[in-house]
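Following: one structure in structure tokens, then a few remarks.
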Amino acid sequence: MTMRSQHQSYTLADIADRFGCLLNGSSDILVNTVGTLENGTPNAISFLANPLYRKQLSSTRAGAVVISSDEAARCPVPTLVSENAYAAYARIADFLCPQNAPQPGVHTTAVVVEGSEIPKSCQIEANVVVGEGSHLGDGVVIGPGCLIGTNVRIGKGSRLVGHVTVLDNVVIGKRALIHPGAVLGSDGFGFALDNGRWIKVPQIGNVIIGDDVEIGANTTIDRGTIDDTIIENGVKLDNQIQIAHNVQVGEHTVIAGLTGVAGSTKIGKCCVIGGSVGIIGHLNIDDEVKINACSLITKSLKGPGTYSGGLPAEEVSRWRKQVVFFRKLAKRKSKKKTED
Amino acid sequence: MTMRSQHQSYTLADIADRFGCLLNGSSDILVNTVGTLENGTPNAISFLANPLYRKQLSSTRAGAVVISSDEAARCPVPTLVSENAYAAYARIADFLCPQNAPQPGVHTTAVVVEGSEIPKSCQIEANVVVGEGSHLGDGVVIGPGCLIGTNVRIGKGSRLVGHVTVLDNVVIGKRALIHPGAVLGSDGFGFALDNGRWIKVPQIGNVIIGDDVEIGANTTIDRGTIDDTIIENGVKLDNQIQIAHNVQVGEHTVIAGLTGVAGSTKIGKCCVIGGSVGIIGHLNIDDEVKINACSLITKSLKGPGTYSGGLPAEEVSRWRKQVVFFRKLAKRKSKKKTED
Amino acid sequence: MTMRSQHQSYTLADIADRFGCLLNGSSDILVNTVGTLENGTPNAISFLANPLYRKQLSSTRAGAVVISSDEAARCPVPTLVSENAYAAYARIADFLCPQNAPQPGVHTTAVVVEGSEIPKSCQIEANVVVGEGSHLGDGVVIGPGCLIGTNVRIGKGSRLVGHVTVLDNVVIGKRALIHPGAVLGSDGFGFALDNGRWIKVPQIGNVIIGDDVEIGANTTIDRGTIDDTIIENGVKLDNQIQIAHNVQVGEHTVIAGLTGVAGSTKIGKCCVIGGSVGIIGHLNIDDEVKINACSLITKSLKGPGTYSGGLPAEEVSRWRKQVVFFRKLAKRKSKKKTED
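One line per chain: the protein sequences are A, B and C, in this order. Take my numbering: the last position of the first sequence gets the number 342, and nothing is skipped along the way. Take my numbering: the last position of the second sequence gets the number 342, and nothing is skipped along the way. Take my numbering: the last position of the third sequence gets the number 342, and nothing is skipped along the way.
Now the structure itself:
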């Protein structure tokens, strides 16, 4: 389950060269880690991407700062100038503190049912269960306590950190990263009312996950009722998201934590959806739609565009007056209208 | 952990006969699976229940469509006419793609503590832990990685899919279906403030689950503080629902994902509660109340009736203007009132 | 996994003496458990703390009631009078129904990697995995199915109930209580956009949990991006809370279920935050702020004070009219303003 470690030192010149940055300052300073502007030490690379943190620049002790050209002049330490400082920082951080390589092998406590296909390059950790007919790609890491059902496919280079549940037939693409507690392929929530009793509608569709998808801790993705629930390439899902049956999430869309997407809604490509958003079922969200946190989405949305909902919090006595006033006013006007 | 499979073929005449539908069309067409109107193949039974999908009827290639009498005329393929098409479809789908029967036995890696009672008809899968004094009914399936505490009761025919946690003393009725990551019997959230410190109020009540209850992935149901948290017969809970201590959910109520019910609230029978709803504590929700998605419930609700709350999302600049306008207006009116 | 049990009987005089209450009534009544006012039996201690339950006082059959001095006169059974009845009750309940002591030992199915430090006083249950270099304090209980990564520290007296995931390097203080499904140290949600693709920003910070912290079922706490996510002493987190990377939660703050706190937000000490609240990132919430359930927090909040947001639910046709009216009015006024 060990995730990242750091060892080696590199000169700033080497870093600048590898990641296409323009270096201002001493080229032979050695760095071997990353740090924030506030707490970074002289052996660390830091970055400035969010203007909120600009005020920390003047006092930073980091070895160098990855920064855009228009901010670089104010930086008291060496700079690695990049047009996209945040992306350059992300690549440098992954280089200095790399993900540990898989340690091939199957732990003695893992229960791997006959008829599954697990290449020798895979790392299968303690207490993993892999069901019949499942196929893993090269270099797949299945962390401790994961359950892999029958006939599951997991593409090469994917990592399930631990305690992940992947139920029967689910297909996961390459280079997935799935965090603990995530559940893929649980039954969708479908019942038919019959004389006051709910009859279960069998959920026999599947969950199909593309390549380069990240799925957060305790996120749940239900299998489709008949057709499949689909998460396309490059989608990033935060923690505790609920994706209902037959939802489709388009390529490179990101969704923040605690958001729920109800059944059969289609979300386009490159959307950015905030946390605690609720999207009701059977809607179409266009490509490149942004939705701010805690919004309730009750209608299909045209993109590109940004949407927001709800009444942000206020001091409670003021809030109470507003709600009361709002209701009275709406009542009065609506009466008036009726009288007209 | 294998869930459903399909094998056998049946004639439409046979299906119509078994499920009380009126067949229009060729009686000897063979079907062995189900499909959507859009993607169903000639060996599949499809259905029309949601008018949103009516437009797909004319081009369907399914073998037959379960449908209401007033929609049947437009259907280009054989129809199985039923007064309640969705319920009839649900029963036919369960017949064609049945839940796999339990495969009795206790996996060698399961840890079953002495003093628990597990009939031979039960299926106990890999890495299951069953504590002292727990009793399972006939044909219970405990999927891989489930934890069953001490003195737990689980009624016959219940299935815990995998990775389910059932803590001490919890009682589960017959034919329950519980999805991965669900936690039953965790401590309620109760603390007494004493000189600025929170003292834990011991949570020694229980969780009692009736018959025919379904509980979604990563849903949590806390034990009562002193008395019990109660989920009555036929309740269906979706994923990631939080049921706090001493809540009661009445028979045949359904609740969608990410909804939270705070402590000691009583929800009546046959309610339909949408996703991401928040219900505060110590309320009474009458029988047959419907609550739309993302509503905040701060008062007891009379039923039958439908309730909704919140401001649905809009384009962000329009939303911002509305919020500002709303606050100003409320302030002005409230000032005026004070001046009067 | 057995949690609490009760055995011994005590006289009311003994209880009053041990917990500093004033006893009114027969001193030699024996009690051995707790009960509600409604259902408590003569061998049980009950309490009155929430005025909602005052009406149950007159008919209680409990052996004694822990109560404030101004309520005591109405009580038909013996009273244990305390200035802080709820806190006194909490202590008495913990005394009568104590948490079971750890049963030292390592279960044969536990996988404890060489190089971890586990004192003999610890209880390590079935199917636990403990990674290299992890250190547990005296008397730590690790319930069944927990995953402890590498280099984790867990302070003495802490309990992980079962199915808890603690990833690499995470530090947990003394006397923590962590419920099933909680995930500590999952990656924060950080991606840099680069030509329409999301590049992962490595999450190499840590999670630091103070002493006397309780963490609810299926709650997730992400590791910091570079610096750490910090949960200070005495914090109580309910179920299904999402704490994003680099959040700080101050001492003795309590947060109810399904609440999400986005990245880098700092919450002060002694705050009380309701359920299903959404707090966006990079905010400061002052000490002693209260936030009511289902509020959306988009700005930093000054304390002490109470905040609320959203439009509580109403009967749906009334709600619909209000929303329509509100939008029209805002549009008209905003037009008027433009015309002026």
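Glycine included, each C-beta is placed from N, C-alpha and C at the ideal position. Predicted, not measured: the structure shown is a model, and the values here were computed from it.
DSSP places valine 108/A in the strand class (E or B) of the three-state scheme. Alanine 92/A: member of the alpha helix (DSSP H) spanning 87-98, first to last residue. Residue state for phenylalanine 191/B is assigned as coil, using DSSP reduced to three classes. Counting C-beta pairs with one atom in each stretch, the stretch 176-189 of chain B and the stretch 209-228 of chain B have three or more that are closer than 8 Å, which means they touch. Note that the C-beta distance between serine 7/B and asparagine 102/B is below 8 Å. Using a Cβ distance threshold of 8 Å, aspartate 230/A and glycine 157/A do not count as a contacting pair.
Inclusion of glycine 311/A and glycine 270/A in the CB contact set at 8 Å is not warranted, their separation being larger than that value. Note on leucine 32/A: under 16 other CB atoms within 10 angstroms of its CB, so exposed under the neighbour-count rule.
Phenylalanine 328/A is not bridged by DSSP to any residue. Taken in chain order, the members of the stretch 232-256 of chain B whose beta-carbon sits within less than 8 Å of a beta-carbon on chain A are Gly236, Lys238, Asp240, Asn241, Gln242, His254, Val256. Setting aside the 5 residues that flank it on each side, asparagine 129/A is surrounded in the same chain by Thr111, Pro146, Gly147, each with a C-beta closer than 6 Å to its C-beta; the list follows chain order.
With the criterion set as a beta carbon lying under 9 Å from some beta carbon of chain B, the members of the stretch 324-336 of chain C are Val325, Phe328, Arg329, Leu331, Ala332, Lys333, Lys335, Ser336, in sequence order. For chain C, the residues of the stretch 264-289 of chain A that bring a beta carbon within less than 7 Å of one of its beta carbons are Cys272, Gly277, Ser278, in chain order. Here glutamine 244/A is actually not in contact with glycine 164/B; their C-beta atoms are around 18 Å apart, not less than 8 Å. For aspartate 96/A, at least one C-beta of chain C is nearer than 8 Å to its own C-beta. For isoleucine 17/B, the enclosing alpha helix (DSSP H) begins and ends at 14-21. The beta-carbon of alanine 128/C is placed less than 8 Å from the nearest beta-carbon of chain B.
Take the alpha-carbon of cysteine 273/C and the one of glycine 198/B: they are about 11 Å apart.
Nearest C-alpha to methionine 5/B among Gln324/A, Ser160/A, Arg225/A: Arg225/A. Taking C-beta separations shorter than 6 Å and ignoring five residues to either side along the sequence, the partners of glycine 262/A in its chain run Gln244, Gly280, following chain order. Less than 8 Å separates the beta-carbon of leucine 50/C from that of alanine 87/C. Residue environment analysis places glutamate 85/B among the exposed positions, since fewer than 16 neighbouring C-beta atoms fall within 10 angstroms of its C-beta.
Residue pairing by DSSP places threonine 308/C opposite Lys292/C in a beta bridge.
Where alanine 66/A is concerned, the enclosing beta strand (DSSP E) starts and stops at 66-69. Here the alpha carbon of arginine 334/A sits roughly 17 Å from the alpha carbon of arginine 334/C. Look at the beta carbons and you see the stretch 312-326 of chain B not touching the stretch 62-74 of chain C: under three pairs across the two are nearer than 8 Å. Taking a beta-carbon distance threshold of 8 Å, proline 146/A counts as an interface residue toward chain C. Sequence-distant partners of lysine 122/B (beyond 5 residues in either direction) whose C-beta falls short of 8 Å from its own C-beta, in its chain, are Pro106.
A direct Cα-Cα distance of roughly 25 Å separates glutamate 253/B from phenylalanine 191/B. Nearest to aspartate 16/B by alpha-carbon distance, out of Thr38/B, Ile47/B, Glu40/B, Gly42/B, is Ile47/B. The DSSP-derived three-state label of glutamate 40/B is coil. In the three-state reduction of the DSSP assignment, alanine 258/B falls in the coil class.
Runs of the beta strand (DSSP E) lying entirely within the stretch 166-254 of chain B and spanning at least 3 residues, in chain order: 185-188, 193-196, 199-202, 209-211, 222-224, 231-233. Between histidine 284/C and leucine 54/A, the C-beta gap is smaller than 8 Å, which places the two residues in contact. Closer than 8 Å to the CB of isoleucine 156/C there is not a single CB belonging to chain A. Contact between isoleucine 180/C and leucine 162/C holds, since their C-beta atoms are separated by about 5 Å, short of 8 Å.
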